Amino acid sequence: MTTYSPTLNLGLLSLLSARHSPVIDARPSQVEGGDVLLSCSILHSCPPSPPAFQWKGLSADTGSVSTQEERIGVWRTIATAAVKATPEHNGKAVRCVTTVSSGFREMSRSVMLNIPYAPTALKVLVEKAAVKEGDSVTLICDVNSNPTPTLYMWNIINGGEVSEQKSTEKSLSVNDVSRSISLTCAARNSIGWGRSARLTLDVDFAPSILPNSSCTERGGILKCVCLAQSRPEASITWLMDGNQSFTLDSTQKGEVKSATLTGTIKLTPNVNVSCTAVNTHGTATLVMPVWPHQTTQTWIGTEYLWIIVSVCGVTLLGFVTCLCIRQKRRKIHRDSTNALATLETPLRGKLAKVEGDQGTQDIDNIYKNCNSHMSDPIYDYDIQHCYGNYCPAGNEQEEHDFNNIYLNA
Numbered sequence: 154m155t156t157y158s159p160t161l162n163l164g165l166l167s168l169l170s171a172r173h174s175p176v177i178d179a180r181p182s183q184v185e186g187g188d189v190l191l192s193c194s195i196l197h198s199c200p201p202s203p204p205a206f207q208w209k210g211l212s213a214d215t216g217s218v219s220t221q222e223e224r225i226g227v228w229r230t231i232a233t234a235a236v237k238a239t240p241e242h243n244g245k246a247v248r249c250v251t252t253v254s255s256g257f258r259e260m261s262r263s264v265m266l267n268i269p270y271a272p273t274a275l276k277v278l279v280e281k282a283a284v285k286e287g288d289s290v291t292l293i294c295d296v297n298s299n300p301t302p303t304l305y306m307w308n309i310i311n312g313g314e315v316s317e318q319k320s321t322e323k324s325l326s327v328n329d330v331s332r333s334i335s336l337t338c339a340a341r342n343s344i345g346w347g348r349s350a351r352l353t354l355d356v357d358f359a360p361s362i363l364p365n366s367s368c369t370e371r372g373g374i375l376k377c378v379c380l381a382q383s384r385p386e387a388s389i390t391w392l393m394d395g396n397q398s399f400t401l402d403s404t405q406k407g408e409v410k411s412a413t414l415t416g417t418i419k420l421t422p423n424v425n426v427s428c429t430a431v432n433t434h435g436t437a438t439l440v441m442p443v444w445p446h447q448t449t450q451t452w453i454g455t456e457y458l459w460i461i462v463s464v465c466g467v468t469l470l471g472f473v474t475c476l477c478i479r480q481k482r483r484k485i486h487r488d489s490t491n492a493l494a495t496l497e498t499p500l501r502g503k504l505a506k507v508e509g510d511q512g513t514q515d516i517d518n519i520y521k522n523c524n525s526h527m528s529d530p531i532y533d534y535d536i537q538h539c540y541g542n543y544c545p546a547g548n549e550q551e552e553h554d555f556n557n558i559y560l561n562a
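Right, dumping it as structure tokens:
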């Protein structure tokens, strides 16, 4: 057991009478997720009762405490702690506080933690609050990282076109913004990459009345529906020939507003109903004629009419062409069948047999080009005689003109 004997040293007394502040040191991790090592030391003169340590600015528990003699009558006590590094720790000011047995407290200077980490918490910011279709807009890739990113990448979908752009700056300008524009940004530093979620911008645009807006009349009851797409919401008004009284109603769902007009009507020729949609960016109007004795009339925009007419015309032309080709093929087949029947009937019916020196010759020999007589001397005649309808049947056999066969004689 170590014993401490009192000694008297006037020089030492003057040293110990001075107040000593603790000294803090921090060794941050070089990668995210590593340990930040903290140490705090203080000089004192009472080794049996060293100071207690506490950490300010960081939730850390003291790991180990050690005391060693610095010089005669002076001891140094060192406390250490380890904390898992996270992006939230970066930039934190940390101090250590010592308390001696008498209750006297001393506080160290502060140290700033420097924790490297990859880009995180990325989001796209829009420079101005209101964006109109067709305008230009400046976007900012907001990112939390250490160190600062050196490269930014943008993925943009604007009007159905996809593009990617690289930049060393965190801001980007986009021209001719469409109502359906969406984008993401990514950032890279020496630690790694980070990417934002995809953002769809809220883009204002003038009203347009949708093609499926319609008027229907059944049993004297008129119902018209006007569908207008816009941002911000449009106000819809109705105009109709005559002084009939009608009920108006409207609902909003997303960018589309549905306005309904209902009431009794006495149909007369050339009755028109029109709806007009208006917001801060423009106006749109649709005129819908109402025809007498028509149970349902649905009106579409003229820009779609030529498409429907073209499709119907091409379909009708294709149908007529196929029908003509089919009829022509049937006629050719019917004519060829009749011709064959005309030729074959007299050959096998009226002249079923041809008589000669060799006996009865089956008419099939004619179709076989007189194969049964090829051994006769008369075969020396030009074989074309057979094909010319002259087929010798043997000695003394009268030549038969087979044209008579084809002439049904």
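Numbering follows this note's numbering, with no gaps: position 209 of the sequence shown is 362.
C-beta atoms are modelled at their ideal positions from N, C-alpha and C, and glycine is treated no differently.
Since the structure is predicted, the reported quantities are computational estimates derived from the model, not experimental observations.
| Asked | Found |
| --- | --- |
| Beta strand (DSSP E) runs wholly inside the stretch 402–443, at least 3 long, in chain order | 409–417, 424–432 and 435–443 |
| N328, enclosing beta strand (DSSP E) - first and last residue | No beta strand (DSSP E) contains N328, which DSSP labels as neither H nor E. |
| Cβ neighbour criterion (16 or more within 10 Å) applied to T433 | exposed |
| Within the stretch 187–235, ranges of the beta strand (DSSP E) (whole runs, at least 3 residues) | 188–197, 205–209 and 217–224 |
| Coil, strand or helix - Y364 by DSSP | Inspection of the sequence shows that residue 364 is occupied by Pro rather than by Tyr. Correct three-state label for P364: coil. |
| Collapsed DSSP secondary structure at E314 in the structure displayed | strand |
| Bridge-paired residues (DSSP) for I293 | L278 and S324 |
| Buried or exposed (CB count within 10 angstroms, at least 16 for buried), R371 | exposed |
| Same chain, Cβ closer than 7 Å to R482, five either side skipped, listed in chain order | none |
| Closer than 8 Å: C249 CB and nearest the ligand FAD heavy atom | Among the components of this structure there are no ligands whatsoever, and the ligand FAD is therefore not found. |
| Reduced DSSP secondary structure (H/G/I, E/B, other) of F472 | helix |
| Neighbourhood of T390 by C-beta distance below 8 Å, restricted to the same chain and skipping five residues each side | C428, T429 and V431 |
| Whole-number beta carbon distance between M265 and V250, since they are thought to touch under 8 Å | Not a contact, Cβ separation roughly 18 Å. |
| Coarse secondary structure for E241, derived from DSSP in three states | helix |
| Residue nearest to C379 in terms of C-alpha spacing, selected from E386, A387 and S366 | S366 |
| Sequence-distant residues of its chain with Cβ nearer than 6 Å to S254 (five each side left out) | S202 |
| Buried versus exposed, by CB contacts within 10 Å (16 or more), V236 | buried |
| Per-residue burial, F472 [other beta carbons within 10 Å of its own, 16 or more giving buried] | exposed |
| Paired residues, beta bridge with I374 - DSSP | R371 and T417 |
| Backbone CA spacing between G216 and T337 [nearest angstrom] | 44 Å |
| For K376 and S403, the rounded distance between their alpha carbons | 13 Å |
| Three-pair Cβ contact test at 8 Å for the stretch 281–293 versus the stretch 318–332 | yes |
| 9 Å Cβ cutoff met for S194 and R229 | yes |
| Helix, strand or coil at G256 [DSSP, three-state] | coil |
| Straight-line gap, R332 to I418 (C-alpha atoms, nearest Å) | 39 Å |
| From K406, P302, T273 and P240, residue whose alpha carbon lies closest to that of T187 | The residue asked about is misnamed: residue 187 is Gly in this sequence, not Thr. The option with the nearest alpha carbon to G187 is P240. |
| Selected residue, minimal CA-CA separation from N353, among K276, S343, A179 and W346 | Looking at the sequence itself, residue 353 is Thr, so the reference to Asn does not match. Here the closest residue by C-alpha is K276. |
| Contacting residues, own chain, Cβ-Cβ under 6 Å from S361 (five flanking each side not counted) | Q382 and A437 |
| Residue range of the beta strand (DSSP E) that includes L392 | S388 to M393 |
| Close Cβ partners of G210 (< 8 Å) along its chain, the five nearest in sequence each way excluded | K245, A246, V247, R248 and S263 |
| Beta-bridge partners of T273, as assigned by DSSP | N297 |
| Where L161 falls, given that 16 or more other Cβ within 10 Å makes a residue buried | Bear in mind that a pLDDT of 44 at L161, under 50, signals an unreliable position, so the model cannot answer this. |
| Proximal residues to S110 (C-beta, below 6 Å), its chain only, five neighbours per side dropped | An answer regarding residue 110 cannot be provided, because it is not within the stretch 154 to 562 covered by the chain. |
| Chain-order list of residues whose beta-carbon lies under 6 Å from that of P442 (same chain, five-residue window excluded) | N425 |
| Cα-Cα separation between W452 and V440, rounded to whole angstroms | Residue confidence for W452 is low, a pLDDT of 44 falling below 50, so the modelled location carries little weight; the figure read from the coordinates is stated next. Going from the Cα of W452 to the Cα of V440 covers about 9 Å. |
| Extent of the continuous beta strand (DSSP E) to which R348 belongs | W346 to R348 |
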